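Visitor:
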Amino acid sequence: RSKQRKTVTHGERRRRREAEGRDAAAVGGASGGGVGADGGGERVHVPALLAGDQGGAGVHAAAARRAGRRQGRRRELRRRRRRALQQLPALGGAARRRGLLLRRLRRALARRQWRRRRHAVLFGKHSSDSNQNSIFGIFKTSVLVTNMRNFPLRRGVVAGLLKGYIGVSAALFTQVFSGVLHRSPTSLLLLLATGLPTICLATMYFVRPCTPATLDAATTDADTEEDGHFAFTQAVSVVLAVYLVTTTVLGNAIKLSDATSYTLFIVTVLLLLAPLAIPVKMTLFRSSPRRRSTETTEEPLLIPPHVVVDSGGDGDEEESDKVDLLLAEGKGAVVRRTKRRRPRRGEDFEFSEALVKADFWLLFVGYFIGVGTGVTVLNNLAQIGVAAGIGDTTVLLSLFALGNFFGRLGGGAISEKFVRSTLLVPRPIWMALTQTVLVVAYLCLAYTLGPAVAYACTATVGLCYGVQFSVMIPTTSELFGLKNFGLFYNLMSLANPLGAALFSGELTGRLYDEEAARQQHSGGVCLGPGCFRAAFVVLAGACSVGTAVSLVLAARIQPVYMALYSGGSFRLPNASQQH
């Protein structure tokens, strides 16, 4: 019934246009300016639409009739296509349906380019910054939380690896788009719509909780084997990052043939699949479990929760009876007293309990300043390159991406190394150290901006920017536990878009526009070190505050790290181990 109504409506519109064409022809019957008769018998002047044409109105009427016929034919063709799509079977006509949809997509992409760019910026911004409202954030959070719980003794290394692979993913898709898909937006959308869900469905079985390593694994051969596996994965990721950056720069510099592009992509796939050698090796060459001697055991391995056992003395048997009596008769009282006790740092926190802790907000402010100033440089790399006299900013972007990767990977590994050493260096120390380096880099960009300074400082800022991620993640889990780690991680991740909005949009953008308006160059560009001088000075001052905040946080949580890592191994709380 709805189809018939649409068909009648189109027919009525076609007949109405034909009637209007006949009226226009009647009005334009007289030559030399188009004079016709009005309903009241008066002669009115109808101006000629084609200047200099004595028979303008008649020609216009003929053109209107031809345009109406062409529009009617196009409408009829669209109606037939819609009917064909509706009549196609679900499986048998899949190829034809896809062809029609792709043709329609190409026509849509060819029109309204400004709308397409606006929508891409809008959705891309929300997808990359607002993790809580995007599928990308769901993927990232689920993988990160699962692996942090599976490897609680290697939190820094796990965070650095996962965030590092996220950092090089952009270079991977750039290689796929340029070399394999030949810069076709339609093919890229088809890959994102079908290829990525297929990969996720095929691999989601492997992203699952498993039994974490035991507390005594830090002194066994199993721990050494696990360290070797992580070292192999880190080495492969470094090779992959350098390879992707090299191929990206090479592809922008010279024109690569199709065979060369496909070969480079095959090597990329092999590097991506290289970590699969670890489970294959563990499956084919299983290590025999090491037997533990129970003769040297002097105290129980598991102590009942909420019960303090005083070792030593002659009344051990009597004390054991008292403990049993306490658990049997006073269980309710113990539980009630435990519920009133707030968790200590290092235990599992609830969301409301963490919000009232000063350590939470000190970590948030330090991370906010570190990533906010770093993403400001990333968002303005093109303008910084132009101001420094660099024509092609591809090298700048590649240097920032490479430094970002090494910062994420190295920040997690180095902080893990030093926190287990005899020095027990808290992880926020590395946030303070990198933000001190950022102060120097921003001052160099403010007062000595040039091509060489821009290249060096861009790589340095990318390195320090990456360290903030790999330090924040394990620090959050160590202070507030793994039970609600996903919630705390996403709340901390809000610092990235908030910092970009404040430092990049409100501060740097406004100052750059004012300087560009003062210089009055063509195209609204700004040249010279004065374009970003005021902004970089403010960013350097903000990083000075961030350094102080991180040092205060490190001093506050030093006892937590002494309790967790004294003896060189991580003492996993019972609550976090269960979750």
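Residue numbers (the UniProt record's numbering): 1 to 579.
Glycine is no exception: its CB is placed at the ideal position from the N, C-alpha and C atoms.
Note that the structure is predicted; figures quoted are calculated from it, not measured.
1) Quick one, which of S257, A555, L271 and V471 has its alpha-carbon nearest L240's?
2) Run through the segment 374-440 for me and flag every whole alpha helix (DSSP H) of 4 or more residues, listed as ranges in chain order.
3) Please report the distance separating the alpha-carbon of A171 from that of V245.
4) Tell me the rounded alpha-carbon separation between T248 and G137.
5) Please specify which runs of the alpha helix (DSSP H), each continuous and at least 4 residues long, are wholly inside the segment 153-193, giving them in chain order.
6) Buried or exposed for L91, please, with buried defined as at least 16 other CB atoms from any protein chain shown within 10 angstroms of its CB.
7) Can you give me the C-alpha to C-alpha distance between Y165 and T547, rounded to a whole angstrom?
8) Helix, strand or coil: how does DSSP classify R149 here?
9) Using 10 angstroms around the beta-carbon of K322, count the other beta-carbons present and answer buried if the total reaches 16, otherwise exposed.
10) Going along the chain, which residues of its own chain have a beta-carbon closer than 6 Å to the beta-carbon of I429, five neighbours each way excluded?
11) Taking the alpha carbon of C543 as the point to measure from, which residue in Q468, H182, Q520 and P451 has its own alpha carbon closest?
12) Among P497, E225, V236 and I266, which has the Cα closest to the Cα of K281?
13) So what does DSSP say about R118, is it helix, strand or coil?
14) Kindly indicate which three-state DSSP category residue 581 falls into: helix, strand or coil?
15) Check whether the segment 531-539 touches the segment 441-456, counting contact only when three or more Cβ pairs, one atom from each stretch, lie closer than 8 Å.
16) Can you tell me where the alpha helix (DSSP H) holding F485 begins and where it ends?
17) Residues in the same chain with beta-carbon distance under 8 Å from R183, minus the five sequence neighbours each way, listed in chain order, please.
18) Give the range of the alpha helix (DSSP H) segment to which C543 is assigned.
19) By the 10 Å Cβ neighbour count, where 16 or more other Cβ atoms means buried, how is G541 classified, buried or exposed?
20) Out of V157, V242 and Y367, which one is the CA nearest neighbour of G228?
21) Name the DSSP beta bridge partners of R345, please?
22) Using a Cβ-Cβ cut-off of 6 Å (strictly less than) and excluding sequence neighbours within five positions of G466, which residues of its own chain qualify?
23) Can you give me the Cβ contacts of G462 inside the same chain, cut-off strictly under 6 Å, excluding the 5 residues immediately before and after it?
24) Can you tell me whether V269 is buried or exposed? The criterion is at least 16 other CB atoms within 10 Å of its CB, across all chains shown.
25) Excluding the 5 residues preceding and the 5 following Q252 in the sequence, name in chain order all residues of the same chain whose CB lies nearer than 7 Å to its CB.
26) Measuring CB atoms only, is the segment 518-533 touching the segment 370-386, in the sense that at least three cross pairs come out at less than 8 Å?
27) Determine the direct distance from the alpha carbon of L192 to that of S550, and round the result to whole angstroms.
28) With 16 other CB atoms within 10 Å as the buried threshold, where does Y561 fall?
29) Between which two residues does the alpha helix (DSSP H) holding I199 run?
30) Going by the beta-carbon positions, is the gap between F349 and L479 smaller than 9 Å?
31) Along the chain, where does the alpha helix (DSSP H) containing Q519 start, and where does it finish?
32) For V242, which of I199, R208, L511 and S169 has the nearest alpha-carbon?
33) Do the segment 407-421 and the segment 354-371 make contact, defined as three or more Cβ pairs closer than 8 Å?
34) Can you grab the Cα-Cα spacing for the pair N379 / G505, in whole Å?
35) Report yes if the CB atom of A517 is closer than 9 Å to the CB atom of G524, and no otherwise.
36) Compare the Cα-Cα distances from T233 to each of I254, P279, R208 and Y205 and report the closest residue.
Guide: In short, the structure shows the following:
1) Working through the sequence shown from its first residue, we reach residue 240 at position 240. With distances taken between Cα atoms, L240 lies closest to L271.
2) Complete alpha helix (DSSP H) runs here, min 4: 381-387 and 394-419.
3) Translated into the one-based positions of the sequence shown, residue 171 becomes position 171. Translated into the one-based positions of the sequence shown, residue 245 becomes position 245. Just so you know, the alpha carbons of A171 and V245 end up roughly 7 Å apart.
4) By 1-based counting over the sequence shown, the position of residue 248 is 248. By 1-based counting over the sequence shown, the position of residue 137 is 137. Their Cα atoms are separated by approximately 26 Å.
5) Counting only runs of 4 or more, we get 155-175 and 185-190.
6) The residue given as residue 91 occupies position 91 in the sequence shown. Reliability fails at L91, whose pLDDT of 42 lies under 50, so the model's placement of it is uncertain and the value that follows must be treated cautiously. Result: exposed.
7) Taking the first residue of the sequence shown as position 1, residue 165 is located at position 165. Taking the first residue of the sequence shown as position 1, residue 547 is located at position 547. Taking the straight line joining both Cα atoms gives about 27 Å.
8) Along the sequence shown, one-based indexing puts residue 149 at 149. Correct three-state label for R149: helix.
9) Along the sequence shown, read from residue 1 onward, the residue named residue 322 stands at position 322. Reliability of the predicted coordinates at K322 is poor, the pLDDT of 41 falling under 50, and the value obtained from them is presented with this limitation in mind. K322 should be labelled exposed.
10) As a first step, residue 429 must be located in the sequence shown, where it is residue number 429. Only A554 meet the Cβ criterion.
11) Walking along the sequence shown from the start, residue 543 turns up at place 543. With distances taken between Cα atoms, C543 lies closest to Q468.
12) Taking the sequence shown and counting its residues from 1, the one referred to as residue 281 is at position 281. Answer by Cα proximity: E225.
13) Here residue 118 corresponds to residue number 118 of the sequence shown, with the count starting at 1. Note that R118 scores a pLDDT of 44, beneath 50, so its modelled location is shaky and nothing firm can be said.
14) Within the shown structure, residues of the chain are numbered from 1 to 579, placing residue 581 beyond reach of any answer.
15) yes
16) Within the sequence shown, the letter at position 485 stands for residue 485. Its alpha helix (DSSP H) spans residues F485 to S493.
17) For the purposes of this step, residue 183 is taken as residue 183 along the sequence shown, with counting starting at 1. So the qualifying residues of the chain are F177.
18) What you label residue 543 is simply residue 543 of the sequence shown in a count that begins at 1. Counting along the chain, the alpha helix (DSSP H) containing C543 begins and ends at R533 to R556.
19) For the purposes of this step, residue 541 is taken as residue 541 along the sequence shown, with counting starting at 1. Classification for G541: exposed.
20) As a working mapping, residue 228 is identified with position 228 in the sequence shown. Ranking V157, V242 and Y367 by CA distance to the CA of G228 puts V157 first.
21) Within the sequence shown, the letter at position 345 stands for residue 345. R345 pairs with E347.
22) Position 466 of the sequence shown, counted from the start, is the residue given in the question as residue 466. Around G466: N404, G407 and R408.
23) For the purposes of this step, residue 462 is identified with residue 462 of the sequence shown, where counting begins at 1. Excluding sequence neighbours, G462 sits near F400, G403 and N404.
24) Residue 269 sits at position 269 when you count from the first residue of the sequence shown. With fewer than 16 other Cβ atoms within 10 Å, it is exposed.
25) Here the question's residue 252 lines up with position 252 in the sequence shown. First, the residue type needs correcting, since residue 252 is Asn and not Gln in the sequence shown. Hits under 7 Å: T394.
26) yes
27) Stepping through the sequence shown from its first residue, residue 550 is reached at position 550. Stepping through the sequence shown from its first residue, residue 192 is reached at position 192. Taking the straight line from one Cα to the other gives about 40 Å.
28) Sequence index remark: in the sequence shown, residue 561 carries index 561 (1-based). Per the 10 Å Cβ criterion, buried.
29) For the purposes of this step, residue 199 is taken as the residue at position 199 of the sequence shown. Counting along the chain, the alpha helix (DSSP H) containing I199 begins and ends at L196 to T203.
30) Stepping through the sequence shown from its first residue, residue 349 is reached at position 349. Stepping through the sequence shown from its first residue, residue 479 is reached at position 479. Yes; because the gap between Cβ atoms is below 9 Å, this pair is in contact.
31) In the sequence shown, residue 519 corresponds to position 519, counting from 1. DSSP places Q519 in the uninterrupted alpha helix (DSSP H) bounded by G509 to Q519.
32) Along the sequence shown, one-based indexing puts residue 242 at 242. It is S169.
33) no
34) Here residue 379 is taken as the residue at index 379 of the sequence shown, counted from 1. Here residue 505 is taken as the residue at index 505 of the sequence shown, counted from 1. Each residue's alpha carbon lies about 9 Å from the other.
35) Working through the sequence shown from its first residue, we reach residue 517 at position 517. Working through the sequence shown from its first residue, we reach residue 524 at position 524. A contact, by the Cβ cut-off of 9 Å.
36) Mapped onto the sequence shown, residue 233 falls at position 233. Per the Cα distances, P279.
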